[in-house]
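In what follows, a structure is listed as structure tokens, so that the remarks can point back to it.
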Amino acid sequence: MAKTLTSLVIVIATLASAVVGYSDNCSGSSSCQIATQQACYDSISGYDDSTNYKQYTSRTSGSCTAIYRCTGVYPNADGATLKTLFNSIYDLQGCKNCGSHAFDDGTCEVTLNYCAPDSCKNVG
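Put into structure tokens, the structure is as follows:
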């Protein structure tokens, strides 16, 4: 019984360490202070409310990029839903400029981060 329990604990610990998910944070590039909230709100508004996003996507404005990404299968997320998730970085988490909000059990996140204006591109 003790050996079985020990084996079970090892299996659970191994599985838990293999599942690395996203988490809520107010982190980002060391240049985040350049990415203003207004630029980030403008980036967020680049997502179309009625479009379903099913892959890595980013929208940029000025010095901010709004990124949607997942580690596996992308859930059915339309632009209106993503906008709500992006806004929670400021409204619920209290971030000032950059930050991330995890969802779908930590397998997906929306992120606001600094991006050099001359190298930022919309993707997806």
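If you use mature numbering (1 follows the signal peptide of the UniProt record, and there is no 0), the sequence shown corresponds to residues -21 to -1, 1 to 103, in order. From the three backbone atoms N, C-alpha and C, an ideal C-beta is built for every residue, glycine too.
Own chain partners of residue i with C-beta closer than 7 Å, once the 5 adjacent residues on each side are dropped
i	result
T90	I46 and S79
Y69	Q16
T30	D57 and G58
Whether residue i touches residue j by CB criterion (7 Å)
i	j	result
G7	C77	yes
A14	Y93	yes
T86	G51	yes
L61	Y20	no
C49	S22	no
G58	D28	yes
Y35	G103	yes
Chain B contact for residue i (CB, 7 Å cutoff)
i	result
D28	Annotation note: the requested chain B is absent from the structure, which comprises a single protein chain.
Neighbourhood of residue i by C-beta, 6 Å cutoff - its chain only, sequence neighbours within 5 removed
i	result
T(-8)	Any reading at T(-8) needs caution, since the residue's pLDDT is 30, under 50, leaving its predicted position unreliable; the model's value is listed next. Closer than 6 Å at the Cβ level, and outside the excluded window around T(-8), lies no residue.
residue 119	The structure shown does not extend to residue 119, since the chain spans only -21 to 103, so no value can be given for it.
A56	Y32
A(-6)	Confidence at A(-6) is low in this model, with a pLDDT of 36, below 50, so the placement of that residue should be treated as unreliable; the coordinate-derived value is given next. So no residue of the chain qualifies.
Pick from the options that is closest to residue i, judged by C-alpha positions
i	options	result
residue 149	S24, C11, Q12 and C5	In the structure as shown, the chain begins at -21 and stops at 103. Residue 149 is therefore absent and cannot be evaluated.
residue 123	Y32, N31, Q12 and R38	The first residue shown for the chain is -21 and the last is 103, placing residue 123 beyond what the model contains.
N4	K100, G73 and K33	G73
Q12	K75, N66 and T30	K75
Counterpart residues of residue i in DSSP-defined beta bridges
i	result
C43	S40 and Y93
S8	Paired residues: none, contrary to the question.
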